[in-house]
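>
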Amino acid sequence: MNHDADHWIAPLLPLRALGFTLAFTEDTPARSWLEPALTAFLRSLLGSPADFDRLMSLRVDQVPEGETWVEGATLTATLIALPGGEALLACAVDRLRALPGSAPRLDQPLPVRDNLRCLELFDGFTRAFVEHATDLQPWDDAALQHEVRILARQTSLQLCFTSPVRLLKAKALRGDAKGEARYCSEAAHLTPALLFARLHDTVADILRRHGHAPPPRLDLGPVPGQVLEARWIDHGYRDGAGRDQPMGGLLASLELQPDRLAPELLTLLALGRHLGLGQRRSFGWGRYRLEDEWGIEQPVGSDRPVGPAEPVAPADPVGAQTGDDIDWFGLDETPGSAEEIDWFGDMEAENLPVALGQAAAEGTQLLLAGEPARVGLDGGRLRVQRGEAELLSAPLETLAGVTLLGPHQVSTQLLGALLDRGIPLALATGQGRLRGVLWNGVPGDAGPGLWMRQAACFEDDARALEAARAVVDARLRQQREVLRNRMSPERCDDLLPRLDRLIAKTAAASDRASLNGLEGQAARLYFGALAELLPPELGFTGRNRRPPRDPFNVLLSLGYTVLHAHVDTVVRLNGLYPWRGFYHQPHGLHPALASDLMEPFRHLVERVALNVVARGRIRVSDFAQQGDACRIEAGARRRYLADLSERLLTPVRARGDSEARSLHDHLHRQARSLIAWIREEAPAFEPFRTR
């Protein structure tokens with residue numbers, strides 16, 4: 010990107026985005042194109058500020074299906090703020106959280122009013138849950154340039170409008186037309202060059218409204234690409250004076266060739282993805298997705314770049330990423346690295362194996378799911394094939410661990426290479442039951458001495474109980490936080506004091522059996538409360554497994570397996586003995602220590618499982634009963650694992666931290682705390698906690 014572009018972009022950044030999920034409190038007649046009504050509702054909710062349209066814009070991400078939005082149905086949207094909109098976002102956090110009480114009382118039966126309650130607030134860029142507007146991460150120039158670099162690698166993308174767009178026709182076609190006749194209404198009116206000209210006009214208009222000079226007009230020339238389809242959508246509304254206001258627009262899709270576009274055009278394309286395009290964009294019009302040939306949204310992964318990887322301290326054998334965010338498979342600019350498989354970031358494409366990654370200094374945690382595939386070795390690279398198609402090729406040196414969900418074929422050459430490099434391979438069923446882990450058993454850099462000290466420490470009942478109390482305390486506190494964010498105030502008044510009493514008792518537990526009893530009481534209370542949040546047709550009454558007997562338990566078991574693989578890899582990378590835990594007792598070859606150390610993180614899985622159900626991403630029709638076992642359908646499993654991976658890649662701020670860190674940063678820090686405590690270099694083991 011040239012310096013002129015940097016200059017005119019600067020006043021638009023950073024953006025901040027507040028995502029929210031709302032649930033209807035009563036049956037409500039459905040309405041097509043909710044964007045204008047929801048925008049008017051939000052403006053009214055915030056007190057009708059004069060600068061709302063100048064500073065804010067809306068994107069509707071998901072609306073309920075059907076002719077009636079039934080009680081409990083959810084909608085998800087994102088409010089995006091330009092610089093200067095921070096106070097409005099802070100107000101939005103408070104007012105949305107206080108729904109339905111904060112909604113203005115209206116006589117008219119509008120589709121969105123005081124018939125909504127807030128289920129969750131999250132960062133629209135990172136997907137991290139937020140308590141305050143100050144938790145929202147800025148989407149800055151570094152994030153913009155990161156998106157531009159990813160787009161520049163794409164040879165073909167489809168731009169698909171998800172809401173109508175109002176684009177002025179080219180001047181030669183527009184002539185003296187008035188009103189709606191001025192706007193593109195069919196494919197013949199639209200070209201890729203006109204699209205970019207209107208993106209430029211949108212940015213110029215935003216800059217003028219903010220008192221800045223517009224960017225110089227671009228000499229576009231021919232722009233490669235074509236219009237695939239376009240149709241006009243009639244829409245309108247009645248203003249406060251009772252006048253009909255037209256708001257029709259074009260729904261269209263275009264094929265673009267980003268690798269042949271100038272950086273300035275890619276910059277406009279990336280900005281438009283978040284700001285919208287054309288007239289009425291502040292009402293949610295002119296929103297689009299960029300999709301690759303598989304229908305998978307690009308850019309994939311984090312909207313912010315990966316920070317430089319540095320060791321945490323010179324003595325640490327494992328590096329850790331210091332940037333706030335991580336990007337699937339390290340989508341940066343290392344030639345020949347895992348950037349070649351960035352489309353694996355979304356698992357909704359039918360019949361594709363999928364890989365979830367953790368790009369950090371210690372390497373990628375690779376998870377392969379989907380239809381059976383062949384996994385082999387090809388010149389120092391892990392290669393995944395199905396039929397004649399190559400689906401993935403990743404250098405072995407970039408891998409920290411591999412997990413296979415389902416009956417994939419693995420070559421002995423690859424097994425040998427993984428053993429030589431000490432890369433653990435976890436094998437699980439397609440439904441998520443862990444079968445075992447293949448690993449060379451060689452101690453890490455700390456050597457066998459750490460294993461011996463670990464075994465001696467955990468043989469000491471008093472010391473093992475001390476560590477067990479710490480992880481159970483952390484687990485119960487995270488359960489409390491989930492309930493505090495999800496349940497009604499009345500239910501919280503009942504549930505939270507009961508959990509508080511169990512938390513207090515963990516500190517006085519005299520042995521592991523009594524501690525396990527307290528954890529069991531908390532689990533029954535917690536999962537019983539979660540059952541109240543789920544549709545009755547899911548049949549969830551509490552935790553069950555081996556096999557899971559209802560859809561929600563399937564989601565939990567599958568998610569816990571993925572989380573266990575992440576934790577187990579970090580255990581081995583830090584040189585700990587995987588099979589000797591301090592709380593869960595070893596059985597067979599089960600790596601018990603990972604089960605101990607994942608306790609403070611289990612709530613991440615539970616939140617994702619709740620969200621996919623609440624948003625309608627997963628439905629009861631996605632499951633089938635086979636005897637006592639409940640099975641998840643392949644497409645639903647892909648959707649769920651995609652959402653789970655996104656959540657596990659979302660930075661989280663731990664108690665006492667000033668900034669959010671990645672999951673693997675927290676896992677490594679927790680492992681190092683355990684090691685320091687084992688060696689008696691620290692007075693206590695400190696598990697991960699957010700509060």
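Take any residue in the sequence shown, count from 1 to its spot, add 9: that is its number in our numbering. C-beta atoms are modelled at their ideal positions from N, C-alpha and C, and glycine is treated no differently.
(1) With H, G and I counted as helix, E and B as strand and the rest as coil, what does DSSP make of Arg688?
(2) Classify Tyr246 as buried or exposed, calling it buried when 16 or more other Cβ atoms lie within 10 Å of its own Cβ.
(3) Can you grab the Cα-Cα spacing for the pair Met737 / Thr164, in whole Å?
(4) Please report the Cβ distance between Gly169 and Arg298, rounded to the nearest whole angstrom; I am assuming they are in contact, meaning their Cβ atoms lie under 8 Å.
(5) Can the beta-carbon of Val661 be found closer than 9 Å to that of Ala206?
(6) What residue does the alpha helix (DSSP H) around Ile641 start on, and which one ends it?
(7) Would you tell me roughly how many angstroms separate the C-alpha atoms of Leu237 and Leu260, rounded to the nearest one?
(8) Taking DSSP's pairing of strands, which residues face Asp132 in a bridge?
(9) Contact between the stretch 254-269 and the stretch 222-231 is defined here as three or more beta-carbon pairs at a separation below 8 Å; is this criterion met?
(10) Do Tyr649 and Gly568 have their CB atoms nearer than 9 Å?
(11) Could you please give the first and the last residue of the uninterrupted beta strand (DSSP E) stretch that includes Phe632?
(12) I think Leu64 touches Leu97, with their Cβ atoms under 8 Å apart; what is that distance to the nearest whole Å?
(13) Which two residues bound the contiguous alpha helix (DSSP H) that contains Thr515?
(14) Relative to the alpha-carbon of Leu543, which residue among Ala46, Asn525, Asn562 and Thr171 has its alpha-carbon at the smallest distance?
(15) For Gln422, I'd like the list of residues in its chain whose CB is within less than 6 Å of its CB, leaving aside the five on either flank, ordered along the chain.
(16) Once DSSP output is grouped into helix, strand and coil, what is the label at Leu539?
(17) Less than 6 Å between C-beta atoms, sequence neighbours within five positions excluded: which residues of the same chain meet that for Ala680?
(18) Can you tell which of Arg395, Leu391 and Cys501 has the C-alpha that lies nearest to the C-alpha of Glu380?
(19) Which class does Gly93 belong to by DSSP, given the choice of helix, strand or coil?
(20) Skipping 5 residues on each side, what residues in its chain have a beta carbon closer than 8 Å to that of Asp637?
(21) Among the candidates Asp149, Asn124 and Asp123, whose CA atom is the shortest distance from the CA of Thr135?
(22) Under the rule that 16 or more other beta-carbon atoms within 10 Å means buried, what is Val79, buried or exposed?
(23) Taking C-beta to C-beta, are Leu27 and Ala107 nearer than 9 Å?
(24) Assign Asn620 to one of two classes, buried (16 or more other C-beta atoms within 10 Å of its C-beta) or exposed (fewer than that).
(25) Kindly identify the DSSP beta-bridge partner or partners of Trp702.
(26) Of all the options Pro696, Leu547 and Thr48, which has the alpha carbon lying nearest to the alpha carbon of Thr85?
(27) Just verifying my parser: in three-state terms, what is the DSSP assignment at Ile159?
(28) Classify Cys169 as helix, strand or coil using the three-state DSSP reduction.
(29) Would the stretch 468-481 count as touching the stretch 501-518 if we require 3 or more Cβ pairs under 8 Å?
(30) Hey, Leu203 and Lys178: beta-carbon distance below 9 Å or not?
(31) By DSSP's criteria, Pro404 is part of a beta bridge. Which residues make up the other side?
In this structure, then:
(1) Numbered from 1 along the sequence shown, position 679 holds the residue referred to as residue 688. DSSP places Arg688 in coil when its eight states are reduced to three.
(2) Numbered from its first residue, the sequence shown carries residue 246 at position 237. It is exposed - the Cβ of Tyr246 has fewer than 16 other Cβ atoms within 10 Å.
(3) No answer is possible for residue 737: it lies beyond the span of the chain, which begins at 10 and ends at 700.
(4) Here residue 169 corresponds to residue number 160 of the sequence shown, with the count starting at 1. Here residue 298 corresponds to residue number 289 of the sequence shown, with the count starting at 1. Sequence check: residue 169 is Cys here, not Gly. 5 Å between Cβ atoms; contact.
(5) Translated into the one-based positions of the sequence shown, residue 661 becomes position 652. Translated into the one-based positions of the sequence shown, residue 206 becomes position 197. In this structure, Ala206 does not lie closer than 9 Å to Val661 by Cβ.
(6) On the sequence shown, residue 641 is found 632 positions in, with the first residue counted as 1. Per DSSP, Ile641 belongs to no alpha helix (DSSP H); it is in the beta strand (DSSP E), Ala638 to Ile641.
(7) Translated into positions along the sequence shown, residue 237 becomes position 228. Translated into positions along the sequence shown, residue 260 becomes position 251. Rounded to whole angstroms, Leu237 to Leu260 spans 11 Å at the Cα level.
(8) In the sequence shown, the residue the question calls residue 132 occupies position 123. Answer is Leu27.
(9) Using a C-beta cut-off of 8 Å, the stretch 254-269 makes no contact with the stretch 222-231, since fewer than three inter-stretch Cβ pairs fall below that distance.
(10) Here residue 649 refers to the residue found at position 640 of the sequence shown. Here residue 568 refers to the residue found at position 559 of the sequence shown. Going by C-beta atoms, Tyr649 is nearer than 9 Å to Gly568.
(11) For this step, residue 632 is matched to residue 623 along the sequence shown. Element bounds for Phe632: Phe632 to Gln635.
(12) For the purposes of this step, residue 64 is identified with residue 55 of the sequence shown, where counting begins at 1. For the purposes of this step, residue 97 is identified with residue 88 of the sequence shown, where counting begins at 1. With a Cβ gap of about 6 Å, Leu64 and Leu97 count as contacting.
(13) Position 506 of the sequence shown, counted from the start, is the residue given in the question as residue 515. Bounds of the alpha helix (DSSP H) holding Thr515 are Pro498 to Thr515.
(14) Reading the sequence shown from its first residue, position 534 is the one you call residue 543. That would be Asn562, whose Cα lies nearest to the Cα of Leu543.
(15) In the sequence shown, the residue the question calls residue 422 occupies position 413. Correct list, in chain order: Leu386.
(16) The residue given as residue 539 occupies position 530 in the sequence shown. Here Leu539 carries a helix assignment [DSSP, helix/strand/coil].
(17) Within the sequence shown, residue 680 is the residue found at index 671, counting from 1. So the list reads Val579 and Asn583, once near-sequence residues are dropped.
(18) The residue you call residue 380 lines up with position 371 of the sequence shown. Relative to the Cα of Glu380, the nearest Cα in the group Arg395, Leu391 and Cys501 belongs to Arg395.
(19) Taking the first residue of the sequence shown as 1, we reach residue 93 at position 84. Looking at Gly93 - three-state DSSP - the assignment turns out to be coil, as it is neither helix nor strand.
(20) In the sequence shown, counting from the first residue as 1, residue 637 sits at position 628. When the five nearest sequence neighbours on each side are left out, the beta carbons in the same chain lying within less than 8 Å of the beta carbon of Asp637 are those of Pro556 and Arg558, in order along the chain.
(21) In the sequence shown, residue 135 corresponds to position 126, counting from 1. Looking only at Asp149, Asn124 and Asp123, the smallest Cα-Cα distance to Thr135 is reached by Asp149.
(22) For the purposes of this step, residue 79 is identified with residue 70 of the sequence shown, where counting begins at 1. The residue is exposed, with fewer than 16 neighbouring Cβ atoms inside 10 Å.
(23) Walking along the sequence shown from the start, residue 27 turns up at place 18. Walking along the sequence shown from the start, residue 107 turns up at place 98. Their beta carbons are not under 9 Å apart, which means Leu27 does not touch Ala107 by this criterion.
(24) Locating residue 620 in the sequence shown gives position 611, where the first residue counts as 1. Its Cβ being crowded by 16 or more others within 10 Å, Asn620 is buried.
(25) The first residue shown for the chain is 10 and the last is 700, placing residue 702 beyond what the model contains.
(26) The residue you call residue 85 lines up with position 76 of the sequence shown. Answer by Cα proximity: Thr48.
(27) Walking along the sequence shown from the start, residue 159 turns up at place 150. Correct three-state label for Ile159: helix.
(28) The residue labelled residue 169 in the question sits at position 160 within the sequence shown. Assignment of Cys169 by DSSP, reduced to helix, strand and coil, places it in the strand class.
(29) Under the three-pair Cβ rule at 8 Å, the stretch 468-481 counts as touching the stretch 501-518.
(30) Looking up residue 203 in the sequence shown gives position 194. Looking up residue 178 in the sequence shown gives position 169. Taking 9 Å as the cut-off, the beta carbon of Leu203 is found closer than this to the beta carbon of Lys178.
(31) Walking along the sequence shown from the start, residue 404 turns up at place 395. Per the DSSP secondary-structure output, Pro404 pairs in a beta bridge with Arg390.
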